[in-house]
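Colleague:
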Amino acid sequence: MLILSVSLSFIIQKLILIACIFGGSLGVALYSTWAERKVAAVMQDRRGPNRAGPFGLFQPLADGVKMFMKEEIIPMFSSKFLFILGPCLSMIVALMTSAVVPWGPDMKFRDGSSVPLQVADVNVGILFIFGVLSVGVYGIMLGSWASNNKYSLLSGLRAASQAISYELALGISIIAMVMMTGSLSLREIVDQQTGLNWNVFKQPIAFLIFLVCSFAELNRAPFDLAECESELIGGFHTEYSSMKLGFYLFSEYISMFVTSAIISTLFFGGYHLPGLDSLAPHMPGWAFSLLGVGVLLGKSICFILFFMFIRWTIPRFRYDQLMNLGWKSLIPLALVNMLITGAVILLKSH
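344 is the number that the numbering used here gives to position 350 of the sequence shown; each next residue is one higher, with no gaps.
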């Protein structure tokens, strides 16, 4: 009976944590659309959304209602099951990557109990992220092929080749950091970065490669060839409307948020900040954990804003430039960085 009650409380804790992470991700994605418009307005010297609520803060809610109220249209000659499955798969994959991210230090209470702020502390967290990312392209491929639209199909082919090209450089760049840290667990990698002992100072080349590849993985400008309106109308979601289109748009912003959190976790200390650990003895355990969550969210928001500023700064690449950068520049650079890292580790061991 005791085992059953312990298991039930563990399941309830995990369900509450999952609900908080998923709800928080959706909330960040919702207001990322507002922030995107505000950033665009600043870059283009105009006002941006300012009608719905103070400072236009109700605009994302109005957009959500508009998405729900739009007519559901499924093209007559489409593969209906796959047409619906595509955006659902993109949304699920975008949310799944948040499961292994340590959002903060364990929340400790006065009775000695603690709640880890991580859904699954697996010792191969990085491999899990790459496995989920590789599935993400299927959502785009299914939606583009099932639409039975030539523009959507061309967009899906571009997205697939782009993902394959840049996932290689992304994976090789992380190999160098894994060699240095000696762990695939995101929790262990974060715990090695206390104070200002951040991995970005030890692996700056790996960070730059990871950052550039993240733009390509997210289909963000200047790597948004899959949604190039001047050539492919709306890209893979040309035929979509209502909340099926909303799922594709939301999954992009959720992926951007989770990717920002992963970059902060791998290279910028995660929930650690110089001098933050000295506050732990003077604060309740739950308050210190929430402070760590705030630190990670602050770093993630900085990267989200960086993604948005780049979108309105650098023009879109041509497709041949996109492929050349991935295969001829980033992959060789990542391989050289991996070899140099291995050589340095070998010299230090002797």
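For glycine and all other residues, C-beta sits at the position ideal for the given N, C-alpha and C.
Using DSSP's beta-bridge definition, name the partner residues of residue 101.
Modeller: For the purposes of this step, residue 101 is taken as residue 107 along the sequence shown, with counting starting at 1. DSSP lists 109 as partners of residue 101.
Colleague: Going by CA-CA distance only, name the one from 63, 115, 24 and 2 that's closest to residue 184.
Modeller: For the purposes of this step, residue 184 is taken as the residue at position 190 of the sequence shown. Of 63, 115, 24 and 2, the residue nearest in Cα terms is 115.
Colleague: Can you find at least 3 beta carbon pairs, one from the stretch 135 to 142 and one from the stretch 68 to 83, that sit closer than 8 Å?
Modeller: yes
Colleague: Check whether the stretch 116 to 123 and the stretch 171 to 179 touch, using three or more Cβ-Cβ pairs below 8 Å as the test.
Modeller: yes
Colleague: I'd like to check one pair, residue 297 with residue 248: are the Cβ atoms closer than 8 Å?
Modeller: Your numbering for residue 248 matches position 254 in the sequence shown. Your numbering for residue 297 matches position 303 in the sequence shown. Not closer than 8 Å, so no.
Colleague: Report all residues from its chain with a CB closer than 8 Å to the CB of residue 45; omit the five preceding and five following residues, and keep chain order.
Modeller: Mapped onto the sequence shown, residue 45 falls at position 51. Answer for residue 45: 53, listed in chain order.
Colleague: What's the gap between the Cα of residue 66 and the Cα of residue 239?
Modeller: Within the sequence shown, numbered from 1, the residue matching residue 66 stands at position 72. Within the sequence shown, numbered from 1, the residue matching residue 239 stands at position 245. Taking the straight line joining both Cα atoms gives about 10 Å.
Colleague: Spatial neighbours of residue 329 within its chain, please: C-beta separation below 7 Å, excluding the five flanking residues on both sides.
Modeller: Locating residue 329 in the sequence shown gives position 335, counting from the first residue. Excluding positions up to five away in sequence, the list reads 166.
Colleague: Distance, Cα to Cα, residue 233 vs residue 290?
Modeller: Position 239 of the sequence shown, counted from the start, is the residue given in the question as residue 233. Position 296 of the sequence shown, counted from the start, is the residue given in the question as residue 290. Their backbone Cα atoms lie some 37 Å apart in a straight line.
Colleague: Got a sec, what are the start and stop residues for the alpha helix (DSSP H) residue 117 sits in?
Modeller: Working through the sequence shown from its first residue, we reach residue 117 at position 123. Run containing residue 117: none; DSSP gives neither H nor E here.
Colleague: What is the residue span of the alpha helix (DSSP H) that residue 43 lies within?
Modeller: As a position in the sequence shown, residue 43 is number 49, starting the count at 1. Unbroken run through residue 43: none, as it is neither H nor E.
Colleague: Among 216, 337 and 2, which one has its Cα closest to the Cα of residue 304?
Modeller: Within the sequence shown, numbered from 1, the residue matching residue 304 stands at position 310. If we check each option's Cα against that of residue 304, 216 comes out closest.
Colleague: Sorry if obvious, but does the Cβ on residue 80 come closer than 7 Å to a heavy atom of the ligand MG?
Modeller: This structure lacks the ligand MG, and indeed carries no ligand of any kind.
Colleague: Hey, quick one: how far does the alpha helix (DSSP H) through residue 345 stretch, first residue to last?
Modeller: Look at the range of the chain in this structure, -5 to 344, and you will see that residue 345 is not part of it.
Colleague: Once the 5 residues before and after residue 87 are set aside, which same chain residues still bring their CB inside 7 Å of it?
Modeller: Residue 87 sits at position 93 when you count from the first residue of the sequence shown. Cβ neighbours of residue 87 beyond the five flanking positions: 126, 129, 130 and 133.
Colleague: Around the C-beta of residue 32, are 16 or more other C-beta atoms found within 10 angstroms, so that it is buried, or is it exposed?
Modeller: Your numbering for residue 32 matches position 38 in the sequence shown. Looking at its Cβ environment, which holds 16 or more other Cβ atoms inside 10 Å, residue 32 is buried.
Colleague: Between the stretch 92 to 104 and the stretch 190 to 202, are three or more C-beta pairs nearer than 8 Å?
Modeller: no
Colleague: Where does residue 132 fall in DSSP's three states?
Modeller: Along the sequence shown, one-based indexing puts residue 132 at 138. Helix, per DSSP.
Colleague: If contact is defined by three or more beta carbon pairs under 8 Å, each pair taking one atom from either stretch, is the stretch 155 to 172 in contact with the stretch 312 to 325?
Modeller: yes
Colleague: Are residue 264 and residue 96 close, meaning C-beta to C-beta below 8 Å?
Modeller: Working through the sequence shown from its first residue, we reach residue 264 at position 270. Working through the sequence shown from its first residue, we reach residue 96 at position 102. The answer is yes: Cβ separation under 8 Å.
Colleague: When the Cα atoms are used, what is the spatial distance from residue 51 to residue 340?
Modeller: Translated into the one-based positions of the sequence shown, residue 51 becomes position 57. Translated into the one-based positions of the sequence shown, residue 340 becomes position 346. Computed Cα separation, rounded: 54 Å.
Colleague: Measure the C-alpha to C-alpha separation of residue 220 and residue 338 and round it to an integer number of angstroms.
Modeller: Working through the sequence shown from its first residue, we reach residue 220 at position 226. Working through the sequence shown from its first residue, we reach residue 338 at position 344. Computed Cα separation, rounded: 39 Å.
Colleague: In whole angstroms, what is the alpha-carbon distance linking residue 312 and residue 211?
Modeller: Here the question's residue 312 lines up with position 318 in the sequence shown. Here the question's residue 211 lines up with position 217 in the sequence shown. Each residue's Cα considered, the two are about 16 Å apart.
Colleague: Grouping DSSP H, G and I as helix and E and B as strand, with all else coil, what is residue -4?
Modeller: Along the sequence shown, read from residue 1 onward, the residue named residue -4 stands at position 2. The predicted model places residue -4 with a pLDDT of 47, which falls under 50 and marks its position as unreliable; any figure quoted below should be read in that light. Helix at residue -4.
Colleague: Would you call residue 231 buried or exposed, if buried means 16 or more other Cβ atoms sit within 10 Å of its Cβ?
Modeller: The residue given as residue 231 occupies position 237 in the sequence shown. Within a 10 Å sphere around the beta-carbon of residue 231 sit 16 or more other beta-carbons, which makes this residue buried.
Colleague: Just how far apart, CA to CA, sit residue 14 and residue 335?
Modeller: Taking the first residue of the sequence shown as 1, we reach residue 14 at position 20. Taking the first residue of the sequence shown as 1, we reach residue 335 at position 341. Cα to Cα, the separation comes out at about 38 Å.
Colleague: Hey, does residue 42 have any beta-carbon neighbour from chain C nearer than 8 Å?
Modeller: The displayed structure is made up of one protein chain only, and chain C is not part of it.
Colleague: Rounded to the nearest angstrom, what separates residue 280 and residue 190 at their Cα positions?
Modeller: To locate residue 280, count along the sequence shown from 1; it is residue 286. To locate residue 190, count along the sequence shown from 1; it is residue 196. Looking at the two C-alpha atoms, the distance is approximately 23 Å.
Colleague: Whose C-alpha, out of 152, 59 and 12, is nearest the C-alpha of residue 222?
Modeller: Against the sequence shown, residue 222 aligns to sequence position 228. Cα-wise, what sits closest to residue 222 is 152.
Colleague: From which residue to which residue does the alpha helix (DSSP H) around residue 288 run?
Modeller: If you number the sequence shown from 1, residue 288 lands on position 294. Taken as a continuous stretch (DSSP letters only), the alpha helix (DSSP H) holding residue 288 covers 279 to 305.
Colleague: In three-state terms, what does DSSP make of residue 124?
Modeller: Here the question's residue 124 lines up with position 130 in the sequence shown. DSSP places residue 124 in helix when its eight states are reduced to three.
Colleague: Quick check on this structure: which residue in 172, 72 and 308 has the alpha carbon closest to the alpha carbon of residue 37?
Modeller: Mapped onto the sequence shown, residue 37 falls at position 43. It is 308.
Colleague: Determine the extent of the alpha helix (DSSP H) in which residue 58 is found, giving its start and end residues.
Modeller: Here residue 58 is taken as the residue at index 64 of the sequence shown, counted from 1. Residues 53 to 63.
Colleague: Under the rule that 16 or more other beta-carbon atoms within 10 Å means buried, what is residue 43, buried or exposed?
Modeller: Residue 43 sits at position 49 when you count from the first residue of the sequence shown. The residue in question, residue 43, is buried, as its Cβ has 16 or more Cβ neighbours within 10 Å.
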